[in-house]
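Contents: one structure, followed by commentary.
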Amino acid sequence: MLTPGGVPRHVAIIMDGNGRWAQQRHMPRYAGHRAGVGAVRRTVEACGRKGVQVLTLFAFSSENWRRPRKEVGTLMDLFLNALGSEAEKLHRNNVRLEVIGDRTAFADALQARITEVETLTAGNTGLHLVIAANYGGRWDITQAARRLGEKVAAGVLAPDAIDEKALQGELCLGRLPEPDLFIRTGGEERISNFLLWQLAYTELYFTEVLWPDFDEAELDAALAAYRCRQRRFGCTGEQVERLRNA
Ligand code: FPP
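Dropping the structure here:
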């Protein structure tokens, strides 16, 4: 789906390449993550200006706990600090912040700050910024299935009422439009257990640019590539053209 001006409604990004960005500069990996926060800020601002409605950023995957303890600690500190320092600015700019993923694994202070910022910005009507933290696409589908199972066990849902719509309704982002455009920086061409269900019809865009170098010009390049794609959703090209011209 497009907003007026051909801008995708929902953009989802895997922010990859922080470590290599730092390595290239003979700096420790945390310097790359810190520079990555700058790219997050630029991207949020640019998406807001362009009229993107939802921006989902993959900040920390369920698998990232396997990284060295020190790096995990650095990432957690960065989230905590960024949530603290950016909250007021996000709120002033009418941005609504939501965090998806299993937050129960986070320290109490981080959980509390997430809830604080979500509550502060809950009524905002501008850009909906979703941060995926301790998120995995398989985890998401599993938790949705578990919730449906609980409803069946409680007798409030019949097993044959379980269809795609019912499952989708229990997923993170279930009430938001599905991503139109997926961007992965850093040169790898994988989904890496990001929004597995939600990306079914999403246009995929991969770039060699390392995340800390991502800026408005790079976003524009991705948006330009997106505008050239023909989204068919299972129809033929002719059908899509006919619908577009109707
Ligand atoms: C992947 O690069 C990046 C991450 C695992 C962390 C992303 C976090 C940030 C951009 C900073 C904080 C974010 C927010 C929302 C405040 P990598 O370390 O895998 O890079 P590499 O592939 O070059 O090693």
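So in our numbering, spot 22 of the sequence shown is number 1341, and the numbers just go up one at a time.
For each residue, glycine too, the CB sits at the ideal point set by N, CA and C.
All of these numbers come straight from a predicted model, not from anything done at the bench.
{"query": "Top-ranked residue by Cα proximity to E1440, from L1429, I1419, N1412", "result": "Here the sequence assigns Thr to residue 1440, which means Glu is not the residue at that position. Answer by Cα proximity: N1412."}
{"query": "Identified DSSP bridge partners for S1380", "result": "Y1454"}
{"query": "Residues near P1323 by beta carbon distance below 8 Å, same chain, minus five either side", "result": "Because the pLDDT at P1323 is just 49, under 50, the model does not fix this residue reliably, and the point stays unresolved."}
{"query": "Sheet register partners of F1501 (DSSP bridge)", "result": "A1331, L1523"}
{"query": "First through last residue of the alpha helix (DSSP H) which encompasses V1391", "result": "1388-1411"}
{"query": "Through-space distance from A1464 to H1329, alpha-carbon basis", "result": "24 Å"}
{"query": "Within 8 Å, strictly: CB atoms of D1532 and W1340", "result": "yes"}
{"query": "First through last residue of the alpha helix (DSSP H) which encompasses V1418", "result": "Here V1418 belongs to no alpha helix (DSSP H); instead the beta strand (DSSP E) covers 1415-1419."}
{"query": "Sub-8 Å separation of T1555 and A1541 beta-carbons", "result": "no"}
{"query": "Residue from T1521, L1529, G1553 whose Cα sits closest to the Cα of Y1545", "result": "T1521"}
{"query": "Whole-angstrom C-beta distance between A1406 and A1452, which should lie under 8 Å", "result": "Actually they do not touch by this definition, with Cβ atoms about 15 Å apart."}
{"query": "Boundaries of the alpha helix (DSSP H) in which V1436 is found, first to last residue", "result": "1427-1440"}
{"query": "N- and C-terminal bounds of the alpha helix (DSSP H) containing E1537", "result": "1535-1546"}
{"query": "Cα-Cα separation between E1382 and L1399, rounded to whole angstroms", "result": "20 Å"}
{"query": "6 Å Cβ shell around I1450 - same chain, five flanking residues per side excluded", "result": "L1376, A1378, V1418"}
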